[in-house]
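Enquirer: Okay, here's the structure, questions in a sec.
Protein chains in written order, with the numbering used here: chain A, 7 to 206; chain B, 14 to 1059.
Put into structure tokens, the structure is as follows:
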């Protein structure tokens, strides 16, 4: 079954505590919403195989704790991630305001230079919205991220968020490696890498 | 083609009716001729039309064209085979677009040719033939015209860097065919054999109407002798050649050569009836042979010196050992082998120049046509960095362990050791232990002066009885260790050398350099870090002292680390970022962007730091304890068993107040943030291990719970600390500090009993998820006892971690040591390369290679692709070649003696760079010098060469004083500014440059248009090329006769 899998991708979910990171993940992997979900300690981890445009991709999704104190621990797991989902809660301006910190964290600890980032505005089902869609869009544009509004509770936008992210990663040469052939994509995509060392 | 089809069938019918062609008895020779004809037809060289092919390309010359050739095999009588090669000049394609256009044009042309040839074949009438012959008379074949064309004189190299075939060079031909014997075949050694081939050619030419000269190679191949034939327009040119290994004295100058030429033209001619034009090229050897340039000589000397017993001067202690600070760089030999200067005089009239043994009008100073030829040995040179990298990579395959190689901690060596080890040891011993007496003397000096930190080395070595059997002698080892750990000892010489280094640094501190280096992720690319220094030393030791030296230094290095750990002394030079270095208070976790070895040593530093802190606290608490003891002798155990007792102090381990918040149950008490344990620093491999443990649990719900449990240690620690700092606290208090977003406001409507108005009151409570019974947070909270950090179980067990690291370090085999150090070595190599390139301003050439190298290195080091390191060395080699060549060229053209003025400098620099670029493209480059002797470069060369002339003479002739004077006068006449000092200086100048008063090689081209063989014949082109040097004498003549009027 593993044979036809194109590649395995590592994806992070980060953001302030209580914005619904684990709920988004649970909705995506098990299509469930569990109001009883307890606050994540350290990091958690889930796997799902996704079919994007005929390519089977195995996703290893790392869910992290949002609490300040865990931030000494969780960034160690950022290494090797090809994609990152930054989550904020539309009903809490504070979680939106802290996004800058999370981006910084990502810059510092993720070691792949062109990691694909996606901004997810969660909890759009809630009545007391504090952050508008336009603000979210603006932020995403400023930091060249993908943007989507979603609700883990109503299922809206969750699956498409992950799919878009994976598609984008697969389109980025050099970010992932083809498992079946063991060849690095960079070699085929940029010819001058293979070239002999010319002088001029 | 369709036009001549009916004609062909007609022909065929004719044959059928009238005669039968019987080829059954055709001889080998006839078959050979047919083969030549077939090829001529196939290549479309089969009539005068082929000459038109080049019409559109009339303007192609040797300078702007590009040589192409195609080859086919010919068979003569089964067993003898020849090759027929067609050489032709094509327009150099500047870019793809041009290329496309050209090919389109070619297609168009081909169509027209087909049409032409068909009409030609079909028109057999007498009239047409006459017209044709008239045309032929008017237009000699282009190849014959080329003989008189002067634009291609002495053009050795075309602009596209293809080398002109020698036949083309001699005769100025743009297209020709050559029949050569294949290599394994016997060559055409007799005249009769040559004549057989020549007559075949003649037949083929007449049968096909080919206008291109065909040559046959005669005599042994390496003599480059060809006879040839060209026919067309009722003219016939014979190409003939003379080749000797010596120069007949009567023909060694122009008059003799003219005599030969005239005699070949015919006796019927009187001197006045025709004019011979002469073109001449003299080539002077201005540098001969290989030599070491002065800098490299010094390097070599210092290497040799270090192993000799020398009297040492105190302040020059650094100089007796090889340079351990930098990777050695550059070629060992001079990569420029020889330099030639060629001067051309074209189109002179034979009667106006005098050229004889005693006097020649041909003075280089009067030629405006100069070119310089540089022969390089780039491919043959040995490059220090490249070869040391290769040698280091070779060690990868050694699975032998350090202790096997040199015995545990350097103690006596087991005699039953395996032979490989013995062999290695002996080799390295011979190389490195020869300087024991010098070393002993050094030892004395090393140990004078104050020791700031006592070194592990000296302690270990004191016990060591078999010291002499180790590859690195003690003095050198100490020297290296002092360099690696400068805080261990302060020596004056060190400081001075440091200053020197700083100076160099300042020079390089220009913005451009910094910018580039920062591009390289500055932290990893440096030669300053402890590990960079260490690996550079390892590489050096491996280069000069074989494998055992690596083992010994490695062992010594671990000993030093062990000593530092035990004495709680921080290891210096691990973090380049000065900001980080100043933050002594907190742990610096291993930098995961560095290689594993670096991370491990950083981790060790974390352990050392932790140990320092622990020891400090222990000391303080011991002091406290003492104080307490003095006060109250009975309370001895209070700090150690307090878990079971009621704490005497109400709180412990408070860090600071947490805002203005107070405890929910006891509003009089503020909430305090506790002192918490720092998270465990982790190296890459630990992290991977940790992550894989988490991953292997799977992704079920149970697994998630288990993961949370595994990771709850730090949560528990924090809760315990919080409880200790805030007695009587509840989970709500903790959550307010730890996870404020789980402390949520709930709005409640209340009806005010007095006004009956609805009021909204905000109440805070734990979030829903924290209230779920049995959730992890509650569980952990309930299990947490109030324990301050300093009495908690250590989350980061520095003792255990340090031991693990030492175990790892000690377990590495030689190959693994090499593997672990490769990333550092290559980053240092890149740094060195870049530094060298930058110093010489060669970025324009080397940057693409360096960028590629960096890109590849990053990829390889990140993916641990050990096998691919060999590929990287090739890039390093390219850079080393560029830099070495540039250094060599600079030493020759831009030295002090050249006295380049500021006006000239830009032009000279440009010239030097051009020369470099050309030399890199090919082994022997020829470069035109603008304005010859009168240009800037020409003047520079004149200055350099005149000096060399003097130097040479002064060195080898041991001049008499009066001779000296005369020479001095000659200098003064050329260059008034020379003074006595400079002449003396020149005598010591070591460059072995030869004088250029006698040309190394002389070439003449004699040309004329003459009526041959009879006075009433038409005028036809005649040419003779002559080459004279001390190895050979060659005449290549092309003599044309009229075959219509004779």
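All C-beta atoms in this analysis are idealised placements derived from N, C-alpha and C, irrespective of residue type, glycine included.
Of the residues B:223, B:79, B:153 and B:95, which one's Cα is nearest the Cα of residue 1033 of chain B?
Expert: Residue B:153 is the option with its Cα nearest to residue 1033 of chain B.
Enquirer: Suppose you measure from the CA of residue 907 of chain B to the CA of residue 583 of chain B; what does that come to, to the nearest Å?
Expert: Straight-line Cα distance between these residues: approximately 48 Å.
Enquirer: Please report whether the beta-carbon of residue 788 of chain B lies at a distance below 7 Å from any beta-carbon of chain A.
Expert: With 7 Å as the cut-off, residue 788 of chain B counts as an interface residue toward chain A.
Enquirer: Give me the Cβ distance between residue 126 of chain A and residue 167 of chain A, rounded to the nearest whole Å; I'm assuming they're in contact under 8 Å.
Expert: Correct: roughly 6 Å between the Cβ atoms.
Enquirer: Counting only beta-carbon atoms, is residue 88 of chain A nearer than 7 Å to chain B?
Expert: Taking Cβ atoms only, chain B never reaches closer than 7 Å to residue 88 of chain A, which makes this a no.
Enquirer: Can a CB atom of chain A be found closer than 7 Å to the CB of residue 721 of chain B?
Expert: Output row for residue 721 of chain B: interface = yes.
Enquirer: Note the first and the last residue of the continuous beta strand (DSSP E) segment covering residue 1042 of chain B.
Expert: Element bounds for residue 1042 of chain B: 1032 to 1042.
Enquirer: Which runs of the alpha helix (DSSP H) spanning at least 4 residues fall entirely within the stretch 717 to 800 of chain B, listed in chain order?
Expert: The stretch 717 to 800 of chain B contains these whole alpha helix (DSSP H) runs: 725 to 738, 744 to 751, 781 to 784 and 789 to 796.
Enquirer: Taking residue 69 of chain A as the reference, which of A:178, A:53, A:130 and A:12 has the closest Cα?
Expert: Residue A:53 is the option with its Cα nearest to residue 69 of chain A.
Enquirer: Pairing CB atoms from the stretch 101 to 117 of chain A with CB atoms from the stretch 18 to 32 of chain A, are three or more of them under 8 Å?
Expert: Verdict: yes, contact present.
Enquirer: So residue 214 of chain B and residue 93 of chain B are supposed to be a Cβ contact under 8 Å. How far apart are they, rounded?
Expert: Not quite, the Cβ-Cβ distance comes to about 16 Å (not below 8 Å), so this is no contact.
Enquirer: Please state if the CB of residue 84 of chain B and the CB of residue 96 of chain B are separated by a distance shorter than 7 Å.
Expert: Yes, these two residues count as a Cβ contact at 7 Å.
Enquirer: Would you say residue 153 of chain A faces chain B, with C-beta separation under 7 Å as the test?
Expert: No, because no Cβ of chain B sits closer than 7 Å to the Cβ of residue 153 of chain A.
Enquirer: Listed in chain order, which residues of the stretch 720 to 741 of chain B have Cβ atoms closer than 7 Å to some Cβ of chain A?
Expert: Going along the stretch 720 to 741 of chain B in chain order, one finds 720, 721, 724, 725, 727, 728 and 731 with a Cβ nearer than 7 Å to chain A.
Enquirer: Counting C-beta neighbours from all protein chains within 10 Å, is the total for residue 257 of chain B 16 or more, i.e. buried, or is it exposed?
Expert: The residue is exposed, with fewer than 16 neighbouring Cβ atoms inside 10 Å.
Enquirer: Please list the partners that residue 677 of chain B has in chain A, where partner means a Cβ-to-Cβ separation under 9 Å.
Expert: Near residue 677 of chain B there are no residues of chain A at all, since even the closest Cβ is about 19 Å away, more than 9 Å.
Enquirer: With DSSP run on the structure shown, which of helix, strand or coil describes residue 107 of chain B?
Expert: In this prediction, residue 107 of chain B has a pLDDT of 47, which is less than 50 and means its spatial position is unreliable; what the coordinates show is noted afterwards. The answer is coil: DSSP assigns residue 107 of chain B none of H, G, I, E or B.
Enquirer: Out of A:158, A:131, A:124 and A:157, which has the shortest C-alpha to C-alpha gap to residue 143 of chain A?
Expert: Comparing Cα-Cα distances from residue 143 of chain A to each of A:158, A:131, A:124 and A:157, the minimum goes to A:124.
Enquirer: Is there at least one Cβ from chain A nearer than 7 Å to residue 754 of chain B's Cβ?
Expert: With 7 Å as the cut-off, residue 754 of chain B counts as an interface residue toward chain A.
Enquirer: Could you round the C-beta distance between residue 485 of chain B and residue 340 of chain B to whole angstroms and report it? I think they count as a contact, below 8 Å.
Expert: At roughly 19 Å, the Cβ-Cβ gap does not stay under 8 Å, so residue 485 of chain B and residue 340 of chain B are not in contact.
Enquirer: Output, in chain order, the set of chain A residues within a Cβ distance shorter than 7 Å of residue 751 of chain B.
Expert: Chain A residues near residue 751 of chain B: 73 and 75.
Enquirer: Residue 933 of chain B and residue 895 of chain B look like a contact to me (Cβ under 8 Å); what is the Cβ gap, rounded to whole Å?
Expert: The Cβ separation is near 6 Å, so the contact holds.
Enquirer: Measure the beta-carbon distance from residue 274 of chain B to residue 899 of chain B and round it to whole angstroms, keeping in mind my assumption that it falls under 8 Å.
Expert: About 45 Å separates the two Cβ atoms, so there is no contact after all.
Enquirer: Could you give the DSSP three-state label for residue 52 of chain B: helix, strand or coil?
Expert: The answer is helix: DSSP assigns residue 52 of chain B an H, G or I state.
Enquirer: In angstroms with no decimal places, state the Cα-to-Cα distance between residue 12 of chain A and residue 831 of chain B.
Expert: Those two C-alpha atoms are separated by around 34 Å.
Enquirer: Could you have a look at residue 208 of chain A and say whether DSSP puts it in helix, strand or coil?
Expert: Here chain A comprises residues numbered 7 to 206, so residue 208 of chain A is not present and cannot be evaluated.
Enquirer: Nearest CA to the CA of residue 576 of chain B: which residue from B:955, B:816 and B:246?
Expert: When only C-alpha atoms are compared, the closest one is B:816.
Enquirer: Which residues does DSSP pair with residue 100 of chain B in a beta bridge?
Expert: In the DSSP output, where bridge partners are listed per residue, residue 100 of chain B has B:82 and B:189.
Enquirer: Pair every Cβ in the stretch 27 to 39 of chain A with every Cβ in the stretch 757 to 775 of chain B, then say whether three or more of these pairs are closer than 8 Å.
Expert: These segments do not touch.
Enquirer: Using a Cβ-Cβ distance under 7 Å, would residue 804 of chain B count as near chain A?
Expert: Closer than 7 Å: no.
Enquirer: Along the chain, where does the beta strand (DSSP E) containing residue 252 of chain B start, and where does it finish?
Expert: Counting along the chain, the beta strand (DSSP E) containing residue 252 of chain B begins and ends at 248 to 257.
Enquirer: So, for residue 797 of chain B: in the same chain, excluding its five sequence neighbours on each side, which residues have a beta-carbon less than 7 Å away from its beta-carbon?
Expert: Within the same chain, residue 797 of chain B has close Cβ partners 729, 732, 733 and 736.
Enquirer: Report the option in B:755, B:760 and B:765 whose CA atom is closest to the CA atom of residue 791 of chain B.
Expert: The option with the nearest alpha carbon to residue 791 of chain B is B:755.
Enquirer: For residue 169 of chain A, which residues from the same chain have a beta carbon less than 8 Å from its beta carbon, with the 5 sequence-adjacent residues on both sides left out?
Expert: Answer for residue 169 of chain A: 56 and 58, listed in chain order.
Enquirer: How many Å lie between residue 902 of chain B and residue 829 of chain B at the Cα?
Expert: One C-alpha to the other measures close to 41 Å.
Enquirer: Tell me which same chain residues have a C-beta within less than 8 Å of the C-beta of residue 706 of chain B, skipping the five on either side of it?
Expert: Taken in chain order, the residues that qualify are 723.
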